[in-house]
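K.L.:
Right, I'll just put the structure down here and ask away after.
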Amino acid sequence: MPVVAAVACPHTPQLLMRPDTEDRALVLRVHAAYARVKQLLSDARPDAICLIGGDHIEGFFLNAVPAFAVAVGTSVAGHFGPYDYRFPVHESLARAIVEQGIEREFDLLYTQDVPLDYAFYVPLHFAMPAPPVPIVPLYVNVYLPPQPTPRRCYAWGRALRAILDARPERVALVASGGMSHYPGTDRYASPDFEWDRAMLATLTAGRGAETARLTGEELDKAGNVELRTWITLLGAVRDAKAEVLCYEPSWHHGNAMVTWPVR
Amino acid sequence: MNAHYFFPPADAYALNRCLFRLKSEPAYRRRFVADPDAAMTEASLDARRRAALTAFDRDRLVSLGAHPYLVFMAELRLKMERAPAAFEQF
């Protein structure tokens, strides 16, 4: 079956638990864009969501730092403040991705026991389609250098698409991350919105393949280390022209939601 | 320019582990809120890192090898622990 939807979205925890530092109207506008994504995913009638997320040193700490990983348990769970989440994993699809990914020479880590990071459950909180579907969490290392290169992320996305195209399931691809933000650094209050807007123009022009030529240094400088999740998805949708559903720059974060036509 | 997110130095492992637990282990976070000295002793932090964590001085913590993201989220989770009513839930 073909991939039936492709979306990228943010996951900042302040969208779930809003402190008074955050503009409420902006947060609600981002929620409204999530509602569009939820509708779009519901209309696509997926059997599973492959969710490409950048781990926030939650699933993987310094005891083991995989470049790419796949959760292949029966379910995955995560906790944030008063929120407790558990999602079933589409086990046969997850296993096929690991087995065929290795066969295609991507040396994936797999795990049957990993805490779910908010990069995964924040988008699902707002945009899980109705009725809900099982997921396959696909991890990309974005915060612990040395991270995988954009070229490698793009190549993994291409391989992932080839694997999915040969499967019977209807799959929605969701990339979670970005855009510009610098949590924990002295640049937190000055994201690079200009870089974000130039990147969105590149993606809407159908030039997503250019992201494979970015360097890790450029991504770090632009506050876009998490764009590796989008670049992985771009490997799967190649030069499809992106449609921007929202771009809401807050005082610390470029909140972007984007979708691509799939065929 | 140095990277915002740098390779975590090995000698900062205990500090990063402590920040990770503050972020991700509710029981440890509660122990830290109740008795920070005991929680830092449990984490085997040296004197400089104890002082930086006691002050929760981001720049000093990062200069001592703390991962910036861990500092950020440990601080946010401590705030959520101490003042949950300060957050609007959706």
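Taken in sequence, the protein lines are chains S and Y.
Under the working numbering, think of the first position of the first sequence as 336, with each following residue one higher.
Under the working numbering, think of the first position of the second sequence as 29, with each following residue one higher.
Glycine included, C-beta positions come from ideal geometry on N, C-alpha and C.
By Cβ distance, which residues of its chain are closer than 8 Å to A540 (chain S), with the 5 residues on each side in sequence left out?
P.N.:
K576.
K.L.:
Of the residues S:Q435, S:P526, S:W595, S:E440, which one's Cα is nearest the Cα of H32 (chain Y)?
P.N.:
It is S:P526.
K.L.:
Please list the residues of the segment 560-589 of chain S that have a C-beta atom closer than 9 Å to any C-beta atom in chain Y, keeping them in chain order.
P.N.:
Under the 9 Å Cβ criterion, the segment 560-589 of chain S contributes V560.
K.L.:
Taking a cut of 8 Å between CB atoms, which residues from the segment 389-416 of chain S lie near chain Y?
P.N.:
Answer set for the segment 389-416 of chain S: H391, I392, E393, F396, L397, H414, G416.
K.L.:
What's the gap between the Cα of K373 (chain S) and the Cα of T546 (chain S)?
P.N.:
In a straight line, the C-alpha of K373 (chain S) is about 26 Å away from that of T546 (chain S).
K.L.:
With a threshold of 7 Å on Cβ separation, who are the neighbours of F48 (chain Y) within its own chain once the five nearest residues in sequence on each side are excluded?
P.N.:
Excluding residues within five positions, the ones whose Cβ falls inside 7 Å are L98.
K.L.:
Looking at the structure shown, is H516 (chain S) part of a helix, part of a strand, or coil, going by DSSP?
P.N.:
Here H516 (chain S) sits in coil by DSSP.
K.L.:
Go ahead and pull the three-state DSSP assignment for A341 (chain S).
P.N.:
The answer is strand: DSSP assigns A341 (chain S) an E or B state.
K.L.:
Please name the residues in the segment 49-75 of chain Y whose beta-carbon is closer than 8 Å to at least one beta-carbon of chain S, in chain order.
P.N.:
Listed by position along the chain: K51, S52, P54.
K.L.:
Between D39 (chain Y) and chain S, is the shortest Cβ-Cβ distance under 9 Å, so that the two count as touching?
P.N.:
Chain S, which has no Cβ nearer than 9 Å to the Cβ of D39 (chain Y), makes this no.
K.L.:
Tell me, please, whether the CB atom of T539 (chain S) is closer than 9 Å to any CB atom in chain Y?
P.N.:
Chain Y contact via Cβ: absent.
K.L.:
So the alpha helix (DSSP H) A129 (chain Y) belongs to, where does it begin and stop?
P.N.:
Within the shown structure, residues of chain Y are numbered from 29 to 118, placing residue 129 (chain Y) beyond reach of any answer.
K.L.:
Just to confirm my understanding: we take A75 (chain Y), look at its own chain, exclude 5 residues before and 5 after, and list those with CB closer than 8 Å. What are they?
P.N.:
Result list for A75 (chain Y): empty, nothing under 8 Å.
K.L.:
Name the residues in the segment 508-521 of chain S whose C-beta lies less than 8 Å from a C-beta of chain Y; which are they?
P.N.:
Those residues of the segment 508-521 of chain S that come within reach of chain Y (Cβ to Cβ, closer than 8 Å) are Y517, P518, G519, T520, D521.
K.L.:
When the distance is taken between beta carbons, is R77 (chain Y) closer than 9 Å to L50 (chain Y)?
P.N.:
No, these two residues do not count as a Cβ contact at 9 Å.
K.L.:
For V506 (chain S) versus I387 (chain S), is the C-beta spacing smaller than 9 Å?
P.N.:
It is not a contact, given that the beta carbons lie outside the stated cut-off.
K.L.:
Taking H460 (chain S) as the reference, which of S:R493, S:R598, S:L350, S:N590 has the closest Cα?
P.N.:
Nearest option by C-alpha distance: S:L350.
K.L.:
Just how far apart, CA to CA, sit R598 (chain S) and M463 (chain S)?
P.N.:
Answer to the nearest angstrom: the Cα atoms are 22 Å apart.
K.L.:
From what residue to what residue does the beta strand (DSSP E) around E583 (chain S) run?
P.N.:
E583 (chain S) -> beta strand (DSSP E) spans 578-584.
K.L.:
In chain Y, which residues lie less than 8 Å from Y478 (chain S) when you measure between Cβ atoms?
P.N.:
Simply Y33, H95, Y97.
K.L.:
Alpha carbon to alpha carbon, how far is V407 (chain S) from D448 (chain S)?
P.N.:
Roughly 8 Å between the two C-alpha positions.
K.L.:
Within 9 Å (strictly less), CB to CB, does D85 (chain Y) reach chain S?
P.N.:
No, no contact with chain S.
K.L.:
Look up Q349 (chain S) in the DSSP assignment and say whether it is helix, strand or coil.
P.N.:
If DSSP states are grouped into helix, strand and coil, Q349 (chain S) belongs with the helices.
K.L.:
Touching or not, the segment 578-589 of chain S and the segment 344-361 of chain S, by the rule of three or more beta carbon pairs under 8 Å?
P.N.:
The segment 578-589 of chain S vs the segment 344-361 of chain S: in contact.
K.L.:
Does DSSP put P485 (chain S) in a helix, in a strand, or in coil?
P.N.:
Helix at P485 (chain S).
K.L.:
Use the C-beta contact count for F422 (chain S): other C-beta atoms within 10 angstroms, 16 or more gives buried, fewer gives exposed.
P.N.:
That one is buried.
K.L.:
Does Y474 (chain S) get closer than 9 Å to chain Y when you measure Cβ to Cβ?
P.N.:
Cβ-Cβ to chain Y under 9 Å: no for Y474 (chain S).
K.L.:
Is there contact between the segment 492-499 of chain S and the segment 364-372 of chain S, where contact requires at least three CB pairs shorter than 8 Å?
P.N.:
With a cut-off of 8 Å, the segment 364-372 of chain S and the segment 492-499 of chain S do not count as touching, because too few Cβ pairs lie within range.
K.L.:
In the DSSP assignment, the beta strand (DSSP E) including D419 (chain S) goes from what residue to what residue?
P.N.:
From DSSP, the beta strand (DSSP E) with D419 (chain S) extends over 418-423.
K.L.:
For D65 (chain Y), count the other beta carbons within 10 Å of its own beta carbon; 16 or more makes it buried, fewer makes it exposed. Which is it?
P.N.:
Flag for D65 (chain Y) reads exposed.
K.L.:
What would DSSP say about S72 (chain Y), mapped onto helix, strand or coil?
P.N.:
Looking at S72 (chain Y) - three-state DSSP - the assignment turns out to be coil, as it is neither helix nor strand.
K.L.:
Which parts of the segment 402-486 of chain S are runs of the alpha helix (DSSP H), unbroken and 4 residues or longer, counting only runs that do not cross its ends?
P.N.:
As far as the segment 402-486 of chain S is concerned, its whole alpha helix (DSSP H) runs of at least 4 residues are 426-438, 453-462.
K.L.:
Let me see if you follow: with CB-CB separation under 9 Å, is L104 (chain Y) close to chain S or not?
P.N.:
Output row for L104 (chain Y): interface = yes.
K.L.:
State the beta-bridge partners of M592 (chain S) as determined by DSSP.
P.N.:
DSSP output for M592 (chain S) lists S:C581 as bridge partner(s).
K.L.:
Please state whether DSSP places E103 (chain Y) in a helix, a strand or coil.
P.N.:
Residue state, collapsed to three classes: helix.
K.L.:
For chain S, check one thing: does any of its Cβ atoms lie closer than 9 Å to the Cβ of A114 (chain Y)?
P.N.:
Output row for A114 (chain Y): interface = yes.
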